[in-house]
Amino acid sequence: MDRDLYLEAALDAAYLAKGIHQYYREKGFTQSSKSTPTDLVTQADRESETAIRALLTSRFPGHGVLGEEEGQQGEGEFRWIVDPLDGTVNYAHGFPFYAVSIALEVRGQLELGVILDTARGELFTALRGAGARMNGRPIRVSRQTQLLGSLLATGFPYDVQRDSENLTYFQRALAKGLTVRRPGAAALDLAYVAAGRLEGFWEVKLNPWDVAAGWLLIEEAGGQVTGLHGEPYALGNRYLVASNQAIHAELIATLHGH
Ligand code: IPD
Ligand code: CA
Ligand code: CA
Ligand code: CA
């Protein structure tokens, strides 16, 4: 397996998406809503995914691609998992916290993850067994051991009125006096845990394209990603709790109301 070739392709695709994100921020873009009025999709989401798919499938015709806007295409042992624009609502408002996320799964195991913050230009990369990096420099999760001294983040689904479970967890964390942010781009939230900027993050109802690259980044940076009871996480699971490991058990206990 030629991981360097795959990484090069993921980086080329991510920078292609960056150009598209920037182009439409400057030029203006059309947008529409999907599942709820606040679940937006813009021209930048769609065109980024089309461009990323075209690049990946032209270089690796036998590989499958799963993306948010166009679903799964192609089958096989290699599957690219793509969020062409994570943080669309932020993007649509010009709130500079959004990214493109690209991961490669080989026979069901994540091998590579790239998250590019297309507003700031920060690049997060991970290769299984070879560590996580930001702008080429190795990153590690935070050393903080106290939950009260931690900076946490979460996110809410677009149908939070119907699917309000995370409001309970959010309230439990706030009621304990914890510091919790809702930045609005799950892939970047995960990258920030890997980089030690956040000690922990949880969310309910994320999709594989929100999580794939960030999950590998956190594992390679020495952190932990599980379900709501500390059980192993699998892509597509309803609950995700991510941390620097040291606060993991306490964070899970808090979400359960302890
Ligand atoms: C969303 C963002 C948001 C999270 C939502 C995701 P999108 O992705 O990551 O932070 O709370 O659950 O759906 O739609 O902007 O790619
Ligand atoms: Ca979306
Ligand atoms: Ca997303
Ligand atoms: Ca998206």
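Just so you know, we're using the numbering used here here: the sequence shown kicks off at 934 and counts up by one.
Cβ coordinates follow ideal geometry from the N, Cα and C atoms, glycine included.
If you're wondering where the values come from, they're calculated on a predicted model, not measured in any experiment.
Can you find the residues in the same chain that come closer than 6 Å, C-beta to C-beta, to residue i, ignoring five residues on each side of it along the sequence?
i, result
"arginine 992", "Ala942"
"threonine 1159", "Tyr1166, Val1174"
"glycine 1147", "Ala1120, Leu1123, Ala1124"
"glutamate 1153", "Ala1059, Gly1064, Ala1065"
Expressed to the nearest angstrom, what Euclidean distance is found between the alpha-carbon atoms of residue i and residue j?
i, j, result
"proline 1090", "lysine 960", "29 Å"
"leucine 1081", "alanine 1025", "34 Å"
"arginine 1066", "glycine 1054", "14 Å"
"alanine 946", "alanine 984", "8 Å"
"tryptophan 1073", "alanine 1128", "Per the sequence shown, residue 1073 should be read as arginine rather than tryptophan. Their Cα atoms are separated by approximately 6 Å."
"glycine 1064", "glycine 1133", "19 Å"
"phenylalanine 1103", "serine 1034", "25 Å"
"glycine 1155", "phenylalanine 1011", "25 Å"
"leucine 1056", "glycine 1069", "8 Å"
"glutamine 1006", "threonine 1101", "37 Å"
"glutamine 1157", "isoleucine 1151", "7 Å"
"isoleucine 1185", "glutamate 1098", "15 Å"
"glutamine 955", "histidine 1191", "44 Å"
"leucine 1123", "leucine 1161", "16 Å"
"leucine 938", "tyrosine 1031", "26 Å"
"aspartate 1016", "aspartate 978", "9 Å"
"proline 970", "methionine 934", "43 Å"
In the DSSP assignment, find the alpha helix (DSSP H) that holds residue i and state where it starts and stops.
i, result
"isoleucine 1180", "Isoleucine 1180 -> no alpha helix (DSSP H), and no H or E assigned at all."
"alanine 977", "976 to 992"
"arginine 1114", "No alpha helix (DSSP H) contains arginine 1114, which is instead part of the beta strand (DSSP E) from 1112 to 1114."
"aspartate 1050", "Taken as a continuous stretch (DSSP letters only), aspartate 1050 belongs to no alpha helix (DSSP H), being part of the beta strand (DSSP E) at 1042 to 1050."
"leucine 1150", "1141 to 1153"
"glycine 952", "936 to 960"
"glutamine 1104", "1098 to 1108"
"aspartate 1122", "1119 to 1127"
Is the Cβ-Cβ distance between residue i and residue j less than 8 Å?
i, j, result
"alanine 1145", "isoleucine 1014", "yes"
"glutamate 1001", "asparagine 1140", "yes"
"tyrosine 919", "valine 1137", "The first residue shown for the chain is 934 and the last is 1191, placing residue 919 beyond what the model contains."
"leucine 1045", "arginine 936", "yes"
"aspartate 972", "aspartate 1143", "no"
Can you name the residues that DSSP bridges to residue i?
i, result
"tryptophan 1135", "Thr1087, Val1174"
"threonine 1159", "Pro1165, Val1174"
"isoleucine 1035", "Val1015, Val1047"
"arginine 1066", "Thr1058, Pro1071"
"serine 968", "Serine 968 is not bridged to any residue."
"leucine 929", "This structure does not reach residue 929, given that the chain is present from 934 up to 1191, and the question cannot be answered."
Which residues bound the beta strand (DSSP E) around residue i?
i, result
"threonine 1058", "1056 to 1060"
"phenylalanine 1011", "1011 to 1019"
"glutamine 1005", "1004 to 1006"
"leucine 999", "997 to 1000"
Leaving out the 5 sequence neighbours to the left and right, which residues in its chain are closer than 7 Å to residue i when beta-carbon positions are compared?
i, result
"glutamate 1183", "Leu1080"
"glutamate 980", "Ile953"
"leucine 989", "Ala942, Ala946, His996, Val998, Trp1013"
"leucine 1205", "Outside the shown range of the chain, which is 934 to 1191, sits residue 1205, and nothing can be said about it."
Might you give, ordered along the chain, the residues of its own chain that have their beta carbon closer than 8 Å to the beta carbon of residue i, omitting 5 neighbours on each side?
i, result
"glutamine 1077", "Ser1083, Glu1132, Asn1177, Ala1179, Ile1180"
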